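Protein chains: 2
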Amino acid sequence: MTMAGVADSLLADARARIEREIDATFDRLLPVPDDARARLIEAMRYAAIGGGKRVRPLLLIATAGMYGVDRDSAVRAATAIEAIHVYSLIHDDLPCMDDDGLRRGKPTVHIAFDEATAVLAGDSLHAFAFEVLADPQTCADPFVRVDLARALGAASGAHGMAGGQMMDMVAETAEFDLHTITRLQQLKTGALLGAAVEMGAILGKVPHDGRTHLHGYARDIGLAFQIVDDLIDHEGDASIAGKAVGKDEQAGKQTFLTLLGAERAREQARLLVDQAVEHLGQHGSEADLLRAIARYIIERDH
Amino acid sequence: MTMAGVADSLLADARARIEREIDATFDRLLPVPDDARARLIEAMRYAAIGGGKRVRPLLLIATAGMYGVDRDSAVRAATAIEAIHVYSLIHDDLPCMDDDGLRRGKPTVHIAFDEATAVLAGDSLHAFAFEVLADPQTCADPFVRVDLARALGAASGAHGMAGGQMMDMVAETAEFDLHTITRLQQLKTGALLGAAVEMGAILGKVPHDGRTHLHGYARDIGLAFQIVDDLIDHEGDASIAGKAVGKDEQAGKQTFLTLLGAERAREQARLLVDQAVEHLGQHGSEADLLRAIARYIIERDH
Numbered sequence: 001m002t003m004a005g006v007a008d009s010l011l012a013d014a015r016a017r018i019e020r021e022i023d024a025t026f027d028r029l030l031p032v033p034d035d036a037r038a039r040l041i042e043a044m045r046y047a048a049i050g051g052g053k054r055v056r057p058l059l060l061i062a063t064a065g066m067y068g069v070d071r072d073s074a075v076r077a078a079t080a081i082e083a084i085h086v087y088s089l090i091h092d093d094l095p096c097m098d099d100d101g102l103r104r105g106k107p108t109v110h111i112a113f114d115e116a117t118a119v120l121a122g123d124s125l126h127a128f129a130f131e132v133l134a135d136p137q138t139c140a141d142p143f144v145r146v147d148l149a150r151a152l153g154a155a156s157g158a159h160g161m162a163g164g165q166m167m168d169m170v171a172e173t174a175e176f177d178l179h180t181i182t183r184l185q186q187l188k189t190g191a192l193l194g195a196a197v198e199m200g201a202i203l204g205k206v207p208h209d210g211r212t213h214l215h216g217y218a219r220d221i222g223l224a225f226q227i228v229d230d231l232i233d234h235e236g237d238a239s240i241a242g243k244a245v246g247k248d249e250q251a252g253k254q255t256f257l258t259l260l261g262a263e264r265a266r267e268q269a270r271l272l273v274d275q276a277v278e279h280l281g282q283h284g285s286e287a288d289l290l291r292a293i294a295r296y297i298i299e300r301d302h
Numbered sequence: 001m002t003m004a005g006v007a008d009s010l011l012a013d014a015r016a017r018i019e020r021e022i023d024a025t026f027d028r029l030l031p032v033p034d035d036a037r038a039r040l041i042e043a044m045r046y047a048a049i050g051g052g053k054r055v056r057p058l059l060l061i062a063t064a065g066m067y068g069v070d071r072d073s074a075v076r077a078a079t080a081i082e083a084i085h086v087y088s089l090i091h092d093d094l095p096c097m098d099d100d101g102l103r104r105g106k107p108t109v110h111i112a113f114d115e116a117t118a119v120l121a122g123d124s125l126h127a128f129a130f131e132v133l134a135d136p137q138t139c140a141d142p143f144v145r146v147d148l149a150r151a152l153g154a155a156s157g158a159h160g161m162a163g164g165q166m167m168d169m170v171a172e173t174a175e176f177d178l179h180t181i182t183r184l185q186q187l188k189t190g191a192l193l194g195a196a197v198e199m200g201a202i203l204g205k206v207p208h209d210g211r212t213h214l215h216g217y218a219r220d221i222g223l224a225f226q227i228v229d230d231l232i233d234h235e236g237d238a239s240i241a242g243k244a245v246g247k248d249e250q251a252g253k254q255t256f257l258t259l260l261g262a263e264r265a266r267e268q269a270r271l272l273v274d275q276a277v278e279h280l281g282q283h284g285s286e287a288d289l290l291r292a293i294a295r296y297i298i299e300r301d302h
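Put into structure tokens, the structure is as follows:
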């Protein structure tokens, strides 16, 4: 097998295993109760189980794996961050937000259930994430658990993902320059991707001054990820993407693509991924999965 | 001064001080940034600062006070639980939920701003709560911080407040008996009121087996609080309540009131408050504020 072939197979195996593990954890931690809350839990399960690229769990588990973290701990923390991602998708898809009907190849939660249930299912997955992290089963060390919660809270609130979503809404009418678009994307997508890597490092008890290269890696793949998302929205096929495409252009939204053009945007994404891989230079083969994830990010079509 | 007068003044002083402290903490922790996120933070501040009964902060700080907890710690934890309460009000008021235009005497967030901003402001306050709890400034002991996050997560998600809201939605069309309505209210309102008391006990490092009476107190005032809410919705004046009234009846929703009638409901609330106060029998004057809060809960008109 070629080197690229080895990396592909490493990534494919890791993805398949992590998909099973994340689905199994959601399934175990979200049993459907025998009362009027059943519909809420069913909506949470509908959105959380099956489908999705599981990029954040992959990043978290791959980072934790470099530092010998117990697999069950990493999977629980990965399920928590994926719960945050899923809640943000449910709320993003609401009629008052992006008004999307298709997500991960199936009707969005407010279509399959109803809007009120979608709001509550998102809110419940949000709380679920912190419940999972705070549980001693995630890690016996309370320092680690509370630091995981801190990192996830910071990455998902007004100074992270939600703040980026707000800027994204403003971007539909405002004139943003490349600096502001970069900042927007660092918050909207980058913060949570960065938290995935950071949470892996927290579980691995990597000291703060030993994480600089990981921050660099996460920052670069975060931006590359968003540029590729823009390209998929521009050129992609809804049936492959599993969600509506062409929405940014319809909304007249400024993105990396409108500012750079497709060719330069693609080049920039490649550059960022090369740079991300360089950050891992101090690591040997234990970082191969993180390297393969970086490559996957620009090669994906959905 | 009479005994009742002393209790009134104790409560009035505590409320005034806590209102100032909670407002000041939100103000300090939510500075408006000089970028496109400004609108989001302004919406969070609009909903969180000024107004509201601050019942959850009162309960948390009163409980923590019994155990000599550092005031700054208690105020930070109280701000976190109030942030969860405020986020739930913002989302509850959305057109797809209760569709309310008035809250705390002013237009709801989706009216004063817009629906998408309201969704994001709620989500951001949700994350903010866990960020605040996880911060070492809340308490140096990581065990305490992570236990606060655990308690708040459990009380606000599908097995707490959000689950109760789901049951409440189902209650508009289903036939619920008194047992189910009680369960609904224990989740919808009782869980977060209970968490306020529990978080005070966590900060006070009260051992689990020393909290039974506090759980009893919290459970009883939680139900009494909801019965009084139903009575205010039934008999209240929107200008005093600061929110729309008469909505339950319009929606044909079953409540304690429809099942018990106003007279028996009021009697039941009084009974619960007496019972709540009895749970505090082992405490001396240090529990006077909790006793006064219990009395206030049935005497309030909003």
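Protein chains in written order, with my numbering: chain A, 1 to 302; chain B, 1 to 302.
Every residue gets a Cβ at the ideal spot worked out from N, C-alpha and C, and that includes glycine.
It should be emphasised that the depicted structure is a prediction, and the values quoted were computed from it without experimental measurement.
If you draw a straight line from the C-alpha of ALA14/B to the C-alpha of PRO57/B, how long is it?
As a working mapping, residue 14/B is identified with position 14 in the second sequence. As a working mapping, residue 57/B is identified with position 57 in the second sequence. For ALA14/B and PRO57/B, the distance between alpha carbons rounds to 11 Å.
Could you spell out where the alpha helix (DSSP H) holding LEU148/A opens and where it closes?
In the first sequence, counting from the first residue as 1, residue 148/A sits at position 148. Taken as a continuous stretch (DSSP letters only), the alpha helix (DSSP H) holding LEU148/A covers 142 to 156.
In chain B, which residues lie with their C-beta within 8 Å of the C-beta of GLU131/A?
Counting from 1 along the first sequence, the entry for residue 131/A is found at position 131. Chain-order list of chain B residues neighbouring GLU131/A: ARG150, GLY153, ALA154, GLY157, by C-beta distance under 8 Å.
Determine the extent of the alpha helix (DSSP H) in which LEU289/A is found, giving its start and end residues.
Residue 289/A sits at position 289 when you count from the first residue of the first sequence. In the DSSP annotation of this structure, the continuous segment of the alpha helix (DSSP H) that includes LEU289/A starts and ends at 288 to 299.
Cut-off 8 Å between Cβ atoms - residues of its own chain near PRO107/A, not counting five sequence neighbours on either side:
To locate residue 107/A, count along the first sequence from 1; it is residue 107. Once the five neighbours on either side are set aside, the close Cβ partners of PRO107/A are GLY101.
Could you tell me which chain A residues have their CB closer than 8 Å to the CB of SER124/B, listed as they occur along the chain?
Counted from its first residue, the second sequence places residue 124/B at position 124. What SER124/B touches in chain A: GLY157, ALA158, ALA162, GLY163.
GLY25/A at chain B interface by Cβ criterion, 9 Å
Within the first sequence, the letter at position 25 stands for residue 25/A. The displayed chain sequence assigns Thr, not Gly, to residue 25/A. No, no contact with chain B.
Whole angstroms are fine: how far does the CA of GLU198/A sit from the CA of ALA151/A?
Translated into positions along the first sequence, residue 151/A becomes position 151. Translated into positions along the first sequence, residue 198/A becomes position 198. C-alpha separation (whole angstroms): 7 Å.
Within chain A, the residues that ASP135/B reaches when beta carbons sit closer than 8 Å:
Sequence index remark: in the second sequence, residue 135/B carries index 135 (1-based). Against chain A, the beta carbon of ASP135/B has neighbours under 8 Å at ARG150, listed in chain order.
Report the three-state DSSP secondary structure of LEU280/A (helix, strand or coil).
Looking up residue 280/A in the first sequence gives position 280. In the three-state DSSP reduction, LEU280/A falls in the coil class, being neither helix nor strand.
Residues that PHE143/A contacts on chain B, provided the C-beta gap is smaller than 7 Å
Taking the first residue of the first sequence as position 1, residue 143/A is located at position 143. By Cβ distance, chain B contributes PRO142.
Supposed contact pair LEU11/A and ALA292/A - C-beta distance, whole angstroms, cut 8 Å
Taking the first sequence and counting its residues from 1, the one referred to as residue 292/A is at position 292. Taking the first sequence and counting its residues from 1, the one referred to as residue 11/A is at position 11. Indeed, because the Cβ distance is near 4 Å, the residues count as touching under 8 Å.
Hey, does ALA196/A have any beta-carbon neighbour from chain B nearer than 9 Å?
Position 196 of the first sequence, counted from the first residue, corresponds to residue 196/A. Chain B contact via Cβ: absent.
Once the 5 residues before and after PHE128/A are set aside, which same chain residues still bring their CB inside 6 Å of it?
On the first sequence, position 128 is the one that residue 128/A refers to. Once the five neighbours on either side are set aside, the close Cβ partners of PHE128/A are ALA83.
What are the start and end residues of the alpha helix (DSSP H) that includes PHE225/B?
Locating residue 225/B in the second sequence gives position 225, counting from the first residue. Taken as a continuous stretch (DSSP letters only), the alpha helix (DSSP H) holding PHE225/B covers 212 to 235.
Per-residue contacts from ALA127/A into chain B (C-beta, under 7 Å):
The count along the first sequence starts at 1 and reaches residue 127/A at position 127. What ALA127/A touches in chain B: GLY153, SER156, GLY157, ALA162.
Mind the definition here: the stretch 285 to 299 of chain A touches the stretch 260 to 276 of chain A only if three or more C-beta pairs lie below 8 Å; say whether that holds.
With a cut-off of 8 Å, the stretch 260 to 276 of chain A and the stretch 285 to 299 of chain A count as touching, because enough Cβ pairs lie within range.
Note down, in chain order, each residue of its chain lying with its Cβ closer than 6 Å to the Cβ of GLY164/B, except the 5 sequence neighbours on either side.
As a first step, residue 164/B is located in the second sequence; it is residue number 164 there, counting from the start. Correct list, in chain order: LEU184, LEU187, LYS188.
Cβ contact check for the stretch 132 to 147 of chain B and the stretch 133 to 144 of chain A: 3 or more pairs under 8 Å
In the pairwise beta carbon analysis, the stretch 132 to 147 of chain B is classified as touching the stretch 133 to 144 of chain A: at least three pairs are separated by under 8 Å.
When ALA265/B, ASP233/B, LEU260/B are compared against GLN250/B, the one with the closest alpha-carbon
Here residue 250/B is taken as the residue at index 250 of the second sequence, counted from 1. Closest option to GLN250/B, judged by alpha-carbon separation, among ALA265/B, ASP233/B, LEU260/B: ASP233/B.
So is PHE176/B in contact with chain A if we call contact Cβ pairs under 9 Å?
Looking up residue 176/B in the second sequence gives position 176. It does; some Cβ of chain A falls within 9 Å.
Taking all protein chains shown into account, do 16 or more other C-beta atoms lie within 10 angstroms of the C-beta of LEU212/A, making it buried, or fewer, making it exposed?
Taking the first sequence and counting its residues from 1, the one referred to as residue 212/A is at position 212. The sequence as given places Thr at residue 212/A; Leu does not occur at that position. Exposed, since its Cβ has fewer than 16 Cβ neighbours within 10 Å.
Who does LYS106/B pair with in a DSSP beta bridge?
Residue mapping note: residue 106/B aligns to position 106 of the second sequence, counting from 1. Note: LYS106/B sits in a beta bridge opposite ARG103/B.
Start and end of the alpha helix (DSSP H) containing PHE130/A?
By one-based count along the first sequence, residue 130/A stands at place 130. Segment 115 to 134, the alpha helix (DSSP H) holding PHE130/A.
Check the Cβ of HIS91/B against every Cβ in chain A and list those closer than 7 Å, keeping chain order.
Against the second sequence, residue 91/B aligns to sequence position 91. Chain-order list of chain A residues neighbouring HIS91/B: VAL119, ASP123, by C-beta distance under 7 Å.
So, is the C-beta of THR180/B closer than 9 Å to a C-beta in chain A?
Here residue 180/B refers to the residue found at position 180 when the second sequence is read from its first residue. Answer yes: the Cβ-Cβ gap between THR180/B and chain A drops below 9 Å somewhere.
What does MET315/B touch in chain A if you count any residue whose Cβ is under 7 Å from its own?
Outside the displayed range of chain B (1 to 302) lies residue 315/B, so it cannot be described from this structure.
Is it true that the stretch 67 to 76 of chain B meets the stretch 192 to 209 of chain B, where meeting means three or more beta-carbon pairs spaced less than 8 Å apart?
In short, these stretches touch, since the Cβ pair count reaches three.
Mapping the DSSP letters down to three states, classify ARG37/B as helix, strand or coil.
Working through the second sequence from its first residue, we reach residue 37/B at position 37. Looking at ARG37/B - three-state DSSP - the assignment turns out to be coil, as it is neither helix nor strand.
Do PHE130/A and GLY157/A count as a contact pair if the criterion is CB distance below 9 Å?
Here residue 157/A is taken as the residue at index 157 of the first sequence, counted from 1. Here residue 130/A is taken as the residue at index 130 of the first sequence, counted from 1. With respect to PHE130/A, GLY157/A sits apart: the two C-beta atoms are not nearer than 9 Å.
Find the nearest neighbour of GLY65/A within the set LEU203/A, ASP229/A, GLU299/A, judged by alpha-carbon distance.
As a working mapping, residue 65/A is identified with position 65 in the first sequence. Measuring from the Cα of GLY65/A, the nearest candidate turns out to be LEU203/A.
For the stretch 258 to 267 of chain A against the stretch 13 to 32 of chain A, are there 3 or more C-beta pairs whose distance is under 8 Å?
No contact exists between the stretch 258 to 267 of chain A and the stretch 13 to 32 of chain A.
When you compare the CB of TYR217/B with every CB in chain A, is at least one pair closer than 9 Å?
The count along the second sequence starts at 1 and reaches residue 217/B at position 217. With 9 Å as the cut-off, TYR217/B does not count as an interface residue toward chain A.
Can you confirm whether the stretch 106 to 123 of chain A touches the stretch 39 to 49 of chain A when touching is taken to mean that 3 or more C-beta pairs between the two stretches lie within less than 8 Å?
Yes: at least three Cβ pairs fall under 8 Å.
Proximity test, Cβ basis, 9 Å: ASP229/A and chain B:
Mapped onto the first sequence, residue 229/A falls at position 229. Chain B, which has no Cβ nearer than 9 Å to the Cβ of ASP229/A, makes this no.
Where the alpha helix (DSSP H) containing SER73/B begins and where it ends
For the purposes of this step, residue 73/B is identified with residue 73 of the second sequence, where counting begins at 1. Per DSSP, SER73/B belongs to the alpha helix (DSSP H) from 71 to 92.
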